[in-house]
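Protein chains in written order, with this note's numbering: chain A, 1 to 737; chain B, 738 to 921.
Right under this line is the structure:
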């Protein structure tokens with residue numbers, strides 16, 4: 001029979017039999033049985049199968065958007081925007097959505113650790129975590145000893161741009177005990193050139209503050225390098241403004257013109273994208289001002305007097321006719337607005353660029369009008385804008401560390417070993433600090449260089465508040481509360497500091513006379529009960545705090561924006577020089593912040609998997625090179641090139657991007673981690689490695705003022721990307737396929 | 738080759754082989770089906786019969802049925818509320834899993850027997866509010882120890898009851914038989 005009944009027929013019959021059995025059994029309920037664990041103790045407010053929602057504040061960046069997190073049976077399930085919060089009005093960005101993957105991240109630091117510097121915090125192959133080897137009593141004692149056994153001037157706090165309540169706690173402690181005031185820094189603030197923007201406003205209007213641009217109310221928006229739909233200042237709020245620019249029912253569809261050497265995601269939404277030569281932004285802004293003044297037939301303001309449109313056209317690579325037509329658009333509109341930001345300010349002449357662009361607003365006389373320029377409302381109980389330190393101040397801080405001025409350094413909420421360019425030498429400077437104590441939630445590069453890691457809760461497990469620096473018209477304090485119980489043996493840094501201060505006794509204990517973080521928080525929020533114009537009010541503290549948690553913060557109902565006084569802003573002499581570039585190469589380097597990864601998103605697979613909005617590349621770093629340039633250099637997509645600047649070199653695959661100037665190369669910032677967990681480590685490169693220490697007049701890093709060389713390596717590294725592997729051009733790939 | 742197989746099957750030996758194969762497949766399938774119909778193993782041999790006989794209402798342990806979509810499985814804390822008063826709890830072999838669970842703080846892993854597929858949005862509350870009693874769907878709990886599912890909970894069964902309830906009321910009939918009532 002065996003010769004008649006072939007192997008194939010046997011398989012067929014066996015397959016039919018197996019399928020029949022599978023279908024018959026699969027139809028039964030047994031295939032659907034699942035195990036369910038009830039609560040050991042059912043919380044009073046929980047019903048089975050019904051979600052509980054908590055209002056809190058996003059800490060993925062420092063903007064302070066309100067969130068409502070859906071939880072089910074004690075687990076956070078979904079993040080949404082808090083519709084009540086005036087900043088984001090119910091919206092979130094991708095980073096906010098991915099906060100959950102931070103909460104459930106497998107590489108979180110699970111308990112207090114003492115370890116040798118540079119020792120890995122998790123296994124390089126299995127990614128198994130280093131086990132916690134201290135208990136919290138020992139950890140608190142270590143912090144208390146560090147406070148008590150060092151002179152006040154030898155103790156330093158380095159903190160991130162969020163959360164504000166912890167910064168306030170450290171600032172209070174510092175003020176009462178004489179230790180160094182906490183310094184706060186963030187890579188986003190550095191690439192936004194925040195310090196330059198506020199300094200320019202101060203120079204022109206004599207008022208300090210963070211300018212707010214009402215994009216939503218404008219008719220014509222000229223943006224000089226401000227990528228406000230991606231990362232700039234408060235992207236969710238500005239994105240809402242952009243929606244208003246386009247879709248308002250009461251006015252015509254507004255126009256956006258973006259001046260930037262590379263087409264960013266913001267430029268891709270613009271009506272006109274003008275790829276000007278890097279460094280010529282000030283020339284172009286002043287030339288437009290001069291031409292607009294001529295068109296309106298008014299006396300040419302002193303600020304624009306020195307401008308030469310023909311020279312600006314020649315140097316910037318924008319045709320004179322285009323400049324004239326732009327000036328016509330600007331001068332002819334009732335609601336013209338000009339925004340300076342990002343890479344345009346991150347150059348040697350960044351301050352002049354910011355002043356030139358703000359002068360355009362002064363010419364448009366849009367101050368305090370819908371669609372114009374304001375100063376952002378100060379957050380509740382604030383009287384002045386508290387920004388992060390500039391890159392130059394960070395360099396001074398690093399120098400003090402290297403000189404051995406600090407015996408102990410506390411680090412929270414920031415990862416300077418990764419976020420600062422390598423040329424700052426932060427990692428080496430840490431050697432000059434006797435004791436480094438990190439409060440990192442994740443095993444990042446800075447935590448790896450610390451002596452102790454006393455992990456803070458994840459933001460979704462934390463109390464706190466965040467002052468909203470810019471975005472809404474009102475004065476807003478976004479409140480944070482835990483949405484789930486802590487998963488691991490972590491402890492709130494505020495609690496650790498309070499407990500350690502009590503343990504250290506004396507003036508430390510007197511500085512922080514609180515039982516715990518919540519009591520401290522209440523002491524800070526309580527004064528708001530007596531403020532006028534509150535979104536809600538309450539007669540007693542408990543009710544007020546209940547509302548604070550329920551609504552996710554406190555804000556005023558009145559417009560708190562200040563109106564800049566133009567004064568003689570137009571008579572201010574503005575330098576119309578081109579920016580100076582550091583380095584030898586023939587290409588301009590434009591490092592830009594990845595809207596999804598930025599300084600801390602790389603350890604979340606959702607964000608890694610999210611295609612970049614212009615190139616669709618995922619999971620890697622790429623260098624954008626114009627196809628013409630690539631052709632001249634004999635480069636194809638995915639060819640690995642070595643990009644060399646005076647500060648260093650990186651090797652990165654090429655992405656031929658038609659929407660970039662032929663003399664410019666752009667690399668996103670966000671990858672290139674050497675620690676930070678299994679999803680982030682060893683992936684891509686950090687363009688900051690190419691940036692040397694050059695600053696503009698306001699102390700911001702001249703990150704866009706670098707020239708680079710390209711060297712071929714002869715290797716290929718295919719980039720994973722959503723679009724066809726043939727790329728935007730398709731053709732010309734025949735031979736290598 | 739298949740043709741030769743059929744020729745061979747027509748011979749007496751072939752017929753016998755077909756018979757044996759059919760019987761084997763049939764019994765295998767019958768066994769498979771019977772397996773699916775047996776209640777799954779539970780961590781505790783919980784006797785509903787006994788608890789109901791004490792006069793404990795369904796909603797005492799499954800209060801979610803009156804409030805929301807899921808009736809819910811009671812927390813161990815609720816079991817312990819009574820059982821820590823009962824001396825037998827500490828000695829009984831049958832109650833050992835409960836005792837161990839509470840003392841060690843690890844939840845019991847129950848297996849719900851009355852269940853519908855994920856694409857059905859079933860809500861207890863609406864049914865309780867409409868005056869349905871628990872036993873109409875879940876059977877008489879005074880007769881069973883471990884809960885069993887007395888009927889196949891398929892769409893025909895749901896719709897039978899929905900159309901009967903609607904009766905002559907056409908507006909209600911439309912509401913109760915609309916796809917979106919259960920599948921959304």
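Each residue gets a CB set at the ideal place from its N, CA and C atoms; glycine is no exception. Quick caveat: nothing in here was measured; it's all calculated off a predicted structure.
If the five residues before and after residue 419/A are omitted, its C-beta is found closer than 6 Å to the C-beta atoms of 187 and 599, all from its own chain and listed in chain order.
Looking at the backbone, the Cα of residue 235/A and that of residue 387/A are separated by about 17 Å. Interface flag for residue 807/B against chain A is set, since a Cβ pair is found closer than 7 Å. Per DSSP, residue 119/A lies in no beta strand (DSSP E) and is assigned neither H nor E.
Per DSSP, the beta bridge partners of residue 618/A are 720/A. For residue 465/A, the enclosing beta strand (DSSP E) has its first and last residue at 464 to 467. When CB distances to chain A are screened at a threshold of 7 Å, not a single residue of the segment 858 to 879 of chain B falls below it. Annotation for residue 57/A: the continuous beta strand (DSSP E) segment containing it runs 52 to 57. Around the Cβ of residue 97/A, a 10 Å sphere holds 16 or more other Cβ atoms; the residue is buried. Around the C-beta of residue 258/A, 16 or more other C-beta atoms lie within 10 Å, and the residue is accordingly described as buried. Taking a contact as a CB-CB distance under 8 Å, the pair residue 66/A and residue 88/A counts as one, their CB atoms being some 6 Å apart. Take residue 252/A, set aside five residues on each side of it, and the residues of its chain with a beta-carbon closer than 8 Å to its own are 219, in chain order.
Its Cα nearest to that of residue 804/B, the residue 47/A stands out among 508/A, 109/A, 71/A and 47/A. Remark: C-beta atoms of residue 575/A and residue 352/A approach each other more closely than 7 Å. When Cβ-Cβ separations below 7 Å define contact, residue 35/A makes contact with chain B. In the structure shown, residue 263/A falls within a coil segment according to DSSP collapsed to helix, strand and coil. Taking a beta-carbon distance threshold of 7 Å, residue 847/B counts as an interface residue toward chain A.
The Cβ of residue 50/A sits closer than 7 Å to at least one Cβ of chain B. Contact between residue 890/B and residue 853/B holds: their C-beta atoms lie close to 6 Å from each other, under 8 Å. Within the same chain, 235 and 236 come within 7 Å of residue 93/A by CB-CB distance, once the 5 residues on both sides are set aside. Annotated three-state conformation of residue 452/A is strand, per DSSP.
Our two residues, residue 239/A and residue 228/A, have alpha carbons roughly 7 Å apart in a direct line. As computed with DSSP, residue 78/A is found in a beta bridge with 70/A. The Cβ neighbour count for residue 868/B, taken over all protein chains shown within 10 Å, is under 16; the residue is labelled exposed.
By the neighbour-count definition (other C-beta atoms within 10 Å, threshold 16), residue 135/A is an exposed residue.
The count of Cβ pairs closer than 8 Å, one atom from the segment 268 to 278 of chain A and one from the segment 164 to 178 of chain A, stays below three, leaving the stretches out of contact. When the beta-carbon positions are compared, residue 684/A and residue 621/A come within less than 7 Å of each other. Inclusion of residue 799/B and residue 809/B in the CB contact set at 7 Å is warranted, their separation being smaller than that value. Against chain A, the beta carbon of residue 813/B has neighbours under 9 Å at 38, 39, 40 and 41, listed in chain order. Residue 916/B counts as exposed, since fewer than 16 other beta carbons sit within 10 angstroms of its beta carbon. Residue 859/B has its alpha-carbon roughly 17 Å from the corresponding atom of residue 33/A. In the three-state reduction of the DSSP assignment, residue 653/A falls in the strand class, which pools E and B. Taking a C-beta distance under 7 Å as the contact criterion, residue 690/A and residue 645/A qualify as a contact pair. The three-state secondary structure of residue 113/A, taken from DSSP, is strand. Checking the DSSP bridge columns, you'll see residue 534/A partnered with 556/A. In this structure, the beta-carbon distance from residue 552/A to residue 464/A does not fall below 7 Å.
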